[in-house]
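**Q**
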Amino acid sequence: MTFDYRLKKEKDFNLVFNKGKRLFSSCMTVVYFPSKELKAGFAVSKKHGGSVKRNRIKRLLRESFRSFLPDFGQNFFFVFIPKVQNEYTLKQFKESMGYIFKKGGFLK
RNA sequence: UAAGUCGGUUAUACGGUCGCGGGGGCAGGGAGAGCCUGUCAAUGAGGAAAGUCCGAGCGUUUUAGAAACAGGGUGCCGGAGAAAUCCCGGUGAAGGUGACUUUAAGGAAAGUGCAACAGAAAAUAACCGCCGAUUAUUCGGUAAGGAUGAAAAGGCGCGGUAAGAGCGCACCGCCCUUGCGGUAACGCGAGGGGCUGUGUAAACCCCACCCGACGCAAGAUUGACAAAUCGUUUCACAAGGGAGUUUCACCGAAACGGUUUAACAAAUAUCGCUGGGGGAUAUUGGUAACAAUAUUCGUAGAUAAAUGACCGUACACGACAGAACUCGGCUUACAGACCGUCUUAAAAA
RNA sequence: GCGGGUGUAAUUCAAUGGUAGAAUUCCAGCCUUCCAAGCUGGCAGCGUGGGUCCGAUUCCCAUCACCCGCU
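Take any residue in the first sequence, count from 1 to its spot, add 20: that is its number in the numbering used here.
1. Taking the beta carbon of PHE98 as the centre, do at least 16 other beta carbons fall within 10 Å, making it buried, or is it exposed?
2. Output needed for MET117: all residues of its chain with C-beta closer than 6 Å, excluding positions within five of it in sequence on either side, in chain order.
3. My output table needs one value for GLY61: the three-state DSSP class, helix, strand or coil.
4. May I ask you to report which of helix, strand or coil DSSP gives PHE126?
5. Would you report the Cα separation of LEU110 and ARG86, rounded to the nearest angstrom?
6. Go ahead and label LYS122 buried or exposed: buried means 16 or more other beta carbons lie within 10 angstroms of its beta carbon, across all protein chains shown.
7. Pick out the complete alpha helix (DSSP H) segments inside the segment 46-125, 4 residues or longer, and give them in chain order.
8. Could you give the distance in angstroms between the alpha-carbon of PHE88 and the alpha-carbon of ALA60?
9. Assuming GLN94 and PHE126 form a contact by the criterion Cβ under 8 Å, report the distance between their Cβ atoms to the nearest whole angstrom.
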């Protein structure tokens, strides 16, 4: 996942949070809003733990998002918000991300 | 051998595939610019990166200048260091059988305050007691003994006395003088004074010394808010403003008019932003902190913020934990492994 | 990243270094035909670890948690 696919500016985050729609799965919440480019941001709160744990979660989310990257039909802004759990695994995130993308019909 | 004490080292390793950050080389595109694309081989978190408890660099504020006050800090001695209250070595005190550990450790005769409960009394000591005198219930002397308390008016013994008392003496403690050792704190001894002065300064305080404030979200560049600059007028060495307060030093102040600035403008677009009191090894000096010399290494620089996924091999099956301007110290968290110092106890020689 | 502040009963707050207190809540009893209200009584505690002190909620140091401000 290259740098260009990341959501960075606070304006964009506010846009997504205020006007976007939400989808849920067992371990995360996804907020999305249609746009010209495909971008994804990750919001991990301090409830998950220290900076090591939070970085670990972001890496796993980025990795799982990367695996879906070639299959998108339309362009959206996404914000992924994981829920607090004891353990975080890549499998879990991939499965629930796939479930959500099917539900929303984002993939080809 | 067991139990401990103090100190140090290490912080999964190796290989393959995909992916990420910032640089570099090469090739191509492009009028041009690391502007875009491709590719190559390197490189990319810690001992605490953490807490932000101290200090320094660096930046802004009048190049932070003087005096007094306020506020804050420090407080045995010597050393190291750019500096620091926490580093190193010692002294005293406290704790431990010991190795060793801890230590904000000046002043209570400058002044003020506080000392609950208990107790006669918590600081100008006198309730009971003891002794003497006597109008027989008062006066005087005294501080040995007395339910307390954290602390009770130098301790203990002998002499002494009406009873007692440093009243006298020995030892200890205290104070003064002095000899020796030590750079010093201080230690060891000698002589004298006879001794009234409770504790608390991590209560206010006094004394000595030190400190301006704010912090990289500091701040600078381009653009904007607006600013800069020029001219005129008015006031004038005054007022007011500019650094915690006051006094001084330093900076003149206000109003009006003109000139300059095409577009793009962002919670970092660019700079600050990483070579620095750097690391490693060896030698020398020093008990040590550390210093000097030589050789060698080239070592993250992001900005919604880079280290992940999968596979294989090995074992101890991987703890605490993620740079955000930099560095020195401290504190706190931490699986396991290894190395060394010394102590105590038991046994053997 | 930097700079501040606060931790006391289940909750909201007090307390000069000397026995931690008030209101609400909760529990038990009384009252009532029953409930509420009222009355009486009770339970429950200084974030954690050191130090100073005879003695710390209070003073000092460290640590943990929470909150606020600065672009």
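All residues carry an ideal CB built from backbone N, CA and C; glycine is no exception. All values reported here derive from a predicted model rather than from experimental measurement.
**A** So, from the listed chains and residues:
1. Reading the first sequence from its first residue, position 78 is the one you call residue 98. Result: buried.
2. Here residue 117 refers to the residue found at position 97 when the first sequence is read from its first residue. If we look at MET117 and ignore the five residues flanking it on each side, its Cβ neighbours are SER84.
3. One-based indexing of the first sequence puts residue 61 at position 41. Note: GLY61 maps to strand in three-state DSSP.
4. Residue 126 sits at position 106 when you count from the first residue of the first sequence. PHE126 falls in the coil class under three-state DSSP.
5. Taking the first sequence and counting its residues from 1, one reaches residue 110 at position 90. Taking the first sequence and counting its residues from 1, one reaches residue 86 at position 66. About 12 Å.
6. In the first sequence, counting from the first residue as 1, residue 122 sits at position 102. Classification of LYS122: exposed, given that the 10 Å Cβ count is below 16.
7. 71-88 and 110-124
8. Translated into positions along the first sequence, residue 88 becomes position 68. Translated into positions along the first sequence, residue 60 becomes position 40. Between PHE88 and ALA60, the C-alpha separation is close to 12 Å.
9. As a first step, residue 94 must be located in the first sequence, where it is residue number 74. As a first step, residue 126 must be located in the first sequence, where it is residue number 106. At roughly 7 Å, the Cβ-Cβ gap stays under 8 Å, so GLN94 and PHE126 are in contact.
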